[in-house]
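Data block below; observations after.
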Amino acid sequence: MKKFLKKLLSINSKKQIPSNTKPTKAEEIEMKEISFETVKDEIKRIFGNTADLKADDVLVGKSEAIIFYLDTVINTDFLKDMLGQTLESPVEQDFKITSEEELRAFGKKAFGVSGYKLINTISEMTETILEGRIAVVIKGIPAALTISFINSEGRTVSEPTTQTVVRGPKDAFVEDISTNINLIRKRIKNHNLQFEKFKVGNETRTSVYVGSIKGVVNEKILEEVRKRIKDINISAVFESANIEELIQDKSATVFPLALNTERPDSVCSALLDGKIAIITDGTPFILLVPAVLTDFFISSEDNYQNYFMSSFIRMIRYLSFMIGLLMPSAYVGVLTFHPELLPTTLLLSVIAQREGVPFPAVIEVFIMEITFEILREAGVRMPRAVGQTVSIVGALVIGQAAAEAGIISNIMVIIVAITAIANFVFPNYSFANASRLIRFVLIIVASILGLYGVLLVLIFMVAHLSSLRSFGVPYLAPVAPFIVEDQKDIFIRTPIWFQNKRPAYLSPSSTDKQKPQGSPSPPKQTKGGSGD
Amino acid sequence: MLKENISLSQLITLVINFLLGSAIVVGVGLEAKRDAWMVVIAGFFIGILIMSAYYFLLSLQPGKNLFEIMEICFSRPVAVVMSLVYICYFLYIACRVIRDFGELISAAILPLTPIEVTVVLPVLVIGYILYMGIEVLGRTSEIFTPYTFAFMLLLFIFLYGSGNIELDNLQPVASTGFMPILKAIIPSISVFPFGELIAFTVVLADVTNFKYSRKVSLMGVAIASFLLLLSVFLIVTSLGENIALRSNFPLLSAARLVSIGEFIERIDALVVFIIMLGILIKSSVFIYGGLKGLEYVFNKPYRFFSIPVACIVSIFAVFISNDFADHIKEGLYVDIFILHLPLEYGFPILVLATLLFKKWRKDRGSGKEAKA
Numbered sequence: 013m014k015k016f017l018k019k020l021l022s023i024n025s026k027k028q029i030p031s032n033t034k035p036t037k038a039e040e041i042e043m044k045e046i047s048f049e050t051v052k053d054e055i056k057r058i059f060g061n062t063a064d065l066k067a068d069d070v071l072v073g074k075s076e077a078i079i080f081y082l083d084t085v086i087n088t089d090f091l092k093d094m095l096g097q098t099l100e101s102p103v104e105q106d107f108k109i110t111s112e113e114e115l116r117a118f119g120k121k122a123f124g125v126s127g128y129k130l131i132n133t134i135s136e137m138t139e140t141i142l143e144g145r146i147a148v149v150i151k152g153i154p155a156a157l158t159i160s161f162i163n164s165e166g167r168t169v170s171e172p173t174t175q176t177v178v179r180g181p182k183d184a185f186v187e188d189i190s191t192n193i194n195l196i197r198k199r200i201k202n203h204n205l206q207f208e209k210f211k212v213g214n215e216t217r218t219s220v221y222v223g224s225i226k227g228v229v230n231e232k233i234l235e236e237v238r239k240r241i242k243d244i245n246i247s248a249v250f251e252s253a254n255i256e257e258l259i260q261d262k263s264a265t266v267f268p269l270a271l272n273t274e275r276p277d278s279v280c281s282a283l284l285d286g287k288i289a290i291i292t293d294g295t296p297f298i299l300l301v302p303a304v305l306t307d308f309f310i311s312s313e314d315n316y317q318n319y320f321m322s323s324f325i326r327m328i329r330y331l332s333f334m335i336g337l338l339m340p341s342a343y344v345g346v347l348t349f350h351p352e353l354l355p356t357t358l359l360l361s362v363i364a365q366r367e368g369v370p371f372p373a374v375i376e377v378f379i380m381e382i383t384f385e386i387l388r389e390a391g392v393r394m395p396r397a398v399g400q401t402v403s404i405v406g407a408l409v410i411g412q413a414a415a416e417a418g419i420i421s422n423i424m425v426i427i428v429a430i431t432a433i434a435n436f437v438f439p440n441y442s443f444a445n446a447s448r449l450i451r452f453v454l455i456i457v458a459s460i461l462g463l464y465g466v467l468l469v470l471i472f473m474v475a476h477l478s479s480l481r482s483f484g485v486p487y488l489a490p491v492a493p494f495i496v497e498d499q500k501d502i503f504i505r506t507p508i509w510f511q512n513k514r515p516a517y518l519s520p521s522s523t524d525k526q527k528p529q530g531s532p533s534p535p536k537q538t539k540g541g542s543g544d
Numbered sequence: 004m005l006k007e008n009i010s011l012s013q014l015i016t017l018v019i020n021f022l023l024g025s026a027i028v029v030g031v032g033l034e035a036k037r038d039a040w041m042v043v044i045a046g047f048f049i050g051i052l053i054m055s056a057y058y059f060l061l062s063l064q065p066g067k068n069l070f071e072i073m074e075i076c077f078s079r080p081v082a083v084v085m086s087l088v089y090i091c092y093f094l095y096i097a098c099r100v101i102r103d104f105g106e107l108i109s110a111a112i113l114p115l116t117p118i119e120v121t122v123v124l125p126v127l128v129i130g131y132i133l134y135m136g137i138e139v140l141g142r143t144s145e146i147f148t149p150y151t152f153a154f155m156l157l158l159f160i161f162l163y164g165s166g167n168i169e170l171d172n173l174q175p176v177a178s179t180g181f182m183p184i185l186k187a188i189i190p191s192i193s194v195f196p197f198g199e200l201i202a203f204t205v206v207l208a209d210v211t212n213f214k215y216s217r218k219v220s221l222m223g224v225a226i227a228s229f230l231l232l233l234s235v236f237l238i239v240t241s242l243g244e245n246i247a248l249r250s251n252f253p254l255l256s257a258a259r260l261v262s263i264g265e266f267i268e269r270i271d272a273l274v275v276f277i278i279m280l281g282i283l284i285k286s287s288v289f290i291y292g293g294l295k296g297l298e299y300v301f302n303k304p305y306r307f308f309s310i311p312v313a314c315i316v317s318i319f320a321v322f323i324s325n326d327f328a329d330h331i332k333e334g335l336y337v338d339i340f341i342l343h344l345p346l347e348y349g350f351p352i353l354v355l356a357t358l359l360f361k362k363w364r365k366d367r368g369s370g371k372e373a374k375a
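Protein sequence lines, in the order shown, are assigned to chains C and B.
Each residue of the first sequence is one higher than the one before, counting from 13 in this note's numbering.
Each residue of the second sequence is one higher than the one before, counting from 4 in this note's numbering.
Written as structure tokens, this is what we have:
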């Protein structure tokens with residue numbers, strides 16, 4: 013059966029690809045094996061009939077040369093300048109490059125130490141051209157000089173769109189990877205902050221940087237991250253989510269096992285805690301691993317506010333997680349199975365409101381929750397121009413018309429509204445999505461088994477959560493396994509001068525963040541000294 | 004097989020939930036009527052004693068569980084036979100615990116749902132937890148324990164606040180003499196729940212810091228005894244001895260009395276959920292004991308057995324007795340003498356004696372060699 017299928021597939025694939033459009037492959041040909049005249053043909057053969065590949069004959073000094081580049085990738089203005097100033101410069105016209113050493117010296121002189129690179133094979137040359145460099149091949153020299161002319165046009169650094177704060181840095185990552193690393197480097201001026209480069213994606217060859225602080229990060233976890241990124245075998249990477257999916261410990265889960273953020277300050281504080289940042293080219297979202305559940309409840313603004321307030325807000329977040337998860341199912345469960353739990357007057361008012369409603373509670377909840385999910389999805393996907401319409405229609409449908417028509421009760425509107433708003437409290441969007449899914453499971457179970465079923469699902473969920481690991485770190489750490497020292501920044505935020513240790517669940521190489529110190533206090537008055 | 008470990012804090016929560024488990028459902032020491040609190044206090048000392056004894060047994064062969072120790076004491080065939088006995092015993096108690104709970108659910112919150120349904124779901128959750136391993140059980144228990152504490156405390160405050168606690172219900176002390184109290188201590192409370200700590204002869208072998216686990220597990224016994232004492236105190240003072248003795252689920256009946264400001268009323272459905280966590284942990288620990296036994300007998304990782312065994316437990320939890328009265332009677336009059344006393348006290352003492360004898364002979368032998 014399998015063989016048959018394979019055969020079928022192979023026949024199909026043969027039919028679909030006519031022989032003249034077969035993908036070409038850059039072979040490992042050394043530059044010295046190939047003559048100056050044939051380089052052009054070889055490169056043209058590799059790139060096929062793409063319109064943006066340019067191969068121009070130029071003179072470098074007195075030597076004949078060809079330059080190769082993709083004019084869509086490089087900055088052509090720079091190229092024009094360079095051609096005028098250095099390569100065909102009238103001042104230094106009378107030099108001639110005859111050997112690799114001279115080429116190297118020329119590169120160093122003309123483009124600075126880091127601007128040029130010498131390469132020796134055709135496949136390397138192909139890759140560098142794709143990266144946005146130009147390749148200069150000079151007659152009689154078995155090497156090519158490549159110069160970076162990358163056209164780094166893109167969005168400029170702007171305010172974050174998903175993780176906003178009232179007080180705190182207002183810059184966010186962009187799509188360009190070097191800008192992103194620059195944003196991190198600007199905040200942590202430390203030579204121990206290191207970025208390792210990987211190429212991921214067989215077709216896209218996307219750059220992925222793994223950033224960590226040496227001496228802080230746990231080397232074992234770092235090694236595991238390296239290994240997993242090297243093991244990735246996928247054709248394309250467009251977003252860090254692609255990478256997240258390929259490196260997480262367990263894929264059969266709705267919970268995110270890596271934290272994603274577009275805030276440079278979040279990344280920096282995580283790096284200093286001993287976490288590892290995975291930065292993908294082409295996306296503003298940076299992955300932070302290992303992630304634990306409590307990370308998703310922490311906003312970077314917690315550290316920029318009064319710690320009493322931050323602690324309170326953190327409590328609100330945990331509470332709203334429970335509300336967002338449990339409110340609709342508790343409504344169904346209580347109304348269907350345990351009406352005695354409600355105080356009599358409340359019960360009477362709920363029942364009076366539900367009097368004309370033609371559906372059982374569970375159907376009512378489902379109608380409203382699904383409607384809300386539809387509205388929400390519409391709100392994200394719709395063209396900006398029609399946004400107003402959807403929100404007005406949505407508010408009217410959800411809020412007023414349905415209740416007035418007697419299809420649903422008013423209390424249901426309240427419950428859906430509270431649930432929805434509670435779900436938006438999370439600092440991290442991907443975690444809110446997990447609770448959205450579980451909510452529906454809970455509603456179904458509550459309609460069959462009441463609160464008993466809800467609790468069973470919750471226990472199941474907690475068991476599942478405690479079986480999860482993110483790069484070997486238990487997902488529920490530092491709550492289960494319970495670590496006393498780490499409780500300073502979990503449910504409440506203690507003052508910064510009190511948080512002197514890095515999280516122990518990451519087992520960082522050095523545990524001390526800063527020297528233990530006391531609370532800041534006014535200068536002590538000497539004995540007997542009276543105030544003015 | 005990867006060695007799994009549970010931490011000390013997980014151990015303590017396991018011990019606490021384990022002891023509360025079904026004991027809090029059916030009530031302990033209520034045979035002694037208003038003197039039940041004395042029974043629980045005596046039970047605490049017995050619990051300390053027996054936990055120390057089990058720890059001592061395991062500390063003679065660190066890292067080995069009951070089944071492996073039996074092999075050291077006797078030969079493998081004997082150990083396999085005795086393991087099978089213990090496996091059946093553990094699974095049987097797990098069935099009984101689940102049945103207690105199933106009865107509670109059908110009596111208190113889901114009267115129309117067949118007991119087969121209410122029983123099979125928690126057992127499947129247990130099967131999943133144990134499939135994930137003892138670590139997951141430890142962490143789950145760690146997460147939920149604070150809620151158990153909080154609920155117990157709230158119940159106390161609510162009962163006190165609604166004026167249901169009448170200390171007069173505790174008087175007079177020992178009005179019918181000490182015999183009923185003694186009878187409730189030995190054998191009742193010393194086999195249920197404290198004797199059931201035998202299951203920890205399997206779990207203790209998985210603790211990271213075995214050195215400290217004695218202190219920690221004894222602390223767990225102490226905290227659990229305190230909570231049991233609190234529950235018994237609440238039951239007797241709020242219900243009075245007669246209702247307490249006749250009620251099937253005394254703590255539930257006590258919770259029904261709560262009424263504060265005509266807002267917090269009928270919280271018995273919530274009490275069921277405190278109980279549920281204890282039940283879940285208790286039967287998980289017993290099933291884990293059974294699974295470890297199967298692992299020893301068949302030399303296969305215990306995970307393979309977890310789901311099938313969960314199915315068996317859920318079926319037998321239903322088949323085990325005809326109705327609740329039958330179920331309770333079996334527990335009170337049959338199990339104690341046929342199962343609990345020999346397997347919780349008799350056989351472990353035999354194992355301990357054999358181990359000590361072997362050790363003594365070995366010490367003497369090596370002493371002689373050293374002399375020669």
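Glycine included, C-beta positions come from ideal geometry on N, C-alpha and C.
In this structure, the alpha-carbon of Ala39(B) lies about 10 Å from that of Ile238(B). The three-state reading of DSSP puts Tyr343(C) in helix, counting H, G and I together. In the DSSP annotation of this structure, the continuous segment of the beta strand (DSSP E) that includes Ser75(C) starts and ends at 75–82.
About 7 Å separates the CB atoms of Tyr291(B) and Val205(B); that is less than 8 Å, so the two are in contact. If you check the CB distance, Ala289(C) and Gly223(C) come in under 8 Å. Using a 10 angstroms sphere on the CB of Ile90(B), the tally of other CB atoms reaches 16 or more, which defines it as buried. Residue burial is scored here from C-beta neighbours: His203(C) has fewer than 16 other C-beta atoms within 10 angstroms and is therefore classed as exposed. A check of alpha carbon separations from Leu467(C) across Tyr131(B), Ile19(B), Met279(B) identifies Met279(B) as the nearest. With contacts defined as CB atoms closer than 8 Å, Val18(B) and Ser220(B) qualify as a contacting pair.
With contacts defined as CB atoms closer than 8 Å, Ala26(B) and Asp271(B) fail to qualify as a contacting pair.
Look at Leu113(B): its C-beta is under 8 Å from a C-beta on chain C. Cβ neighbours of Val457(C) within its own chain (closer than 8 Å, five residues either side excluded): Ser341, Gly465, Val466, Leu468, Val469.
For the pair Leu248(B) and Lys36(B), the CB atoms are nearer than the 8 Å cut-off. Taking the Cβ atoms as the reference, Ile132(B) lies roughly 5 Å from Leu140(B), within the contact range of under 8 Å. With a threshold of 16 other beta carbon atoms within 10 Å, Ser256(B) meets it and is buried. Shown here for Glu215(C): same chain residues with a beta carbon closer than 8 Å to its own, the five before and five after excluded, namely Ser247, Ala248 in chain order. The alpha-carbon of Met327(C) is positioned some 30 Å away from that of Ile129(B). Contact annotation for Ile471(C) against chain B: Pro125, Val128, Ile132, Thr143, Phe147, Met279, Leu280, Leu283 [CB-CB distance below 9 Å, chain order]. Per the DSSP secondary-structure output, Glu208(C) pairs in a beta bridge with Val222(C). Cβ neighbours of His330(B) within its own chain (closer than 8 Å, five residues either side excluded): Arg99, Arg102, Asp103, Glu106, Ile323, Ser324. Bounds of the alpha helix (DSSP H) holding Val235(B) are 213–242.
In the three-state scheme derived from DSSP, where H, G and I count as helix and E and B as strand, Lys66(C) is classed as strand. According to the DSSP assignment, Asn272(C) belongs to the beta strand (DSSP E) that extends over 271–273. As a beta-bridge residue in DSSP terms, Ala289(C) pairs with Gly223(C), Leu300(C). Counting only unbroken stretches of 3 or more residues, the beta strand (DSSP E) elements lying wholly within the segment 152–191 of chain C are 156–160, in sequence order. Around the beta carbon of Met394(C), fewer than 16 other beta carbons lie within 10 angstroms, which makes this residue exposed.
For Ile134(C), the closest alpha carbon among the candidates Phe123(C), Val149(C), Gly127(C), Lys121(C) is that of Val149(C). By the C-beta density criterion, Pro125(B) is buried, having at least 16 other C-beta atoms within 10 angstroms.
Going by beta carbons, Val409(C) and Thr431(C) fall outside the 8 Å limit. Three or more pairs of CB atoms, one per stretch, sit closer than 8 Å, so the segment 278–288 of chain C contacts the segment 228–237 of chain C. Three or more Cβ pairs drawn from the segment 334–353 of chain C and the segment 447–463 of chain C lie within less than 8 Å of each other, which places the two stretches in contact. Closest in alpha carbon position to Cys280(C), among Gly530(C), Ile241(C), Ile193(C), is Ile193(C).
Excluding its 5 nearest sequence neighbours in each direction, Glu169(B) has C-beta neighbours in its own chain below 7 Å: Thr240, listed in chain order. None of the residues of the segment 160–190 of chain B has a beta carbon lying less than 8 Å from any beta carbon of chain C. Rounded to whole angstroms, Pro311(B) and Ile184(B) show a C-alpha spacing of 42 Å.
Ser286(B) is outside the set of residues whose beta carbon lies under 8 Å from a beta carbon in chain C.
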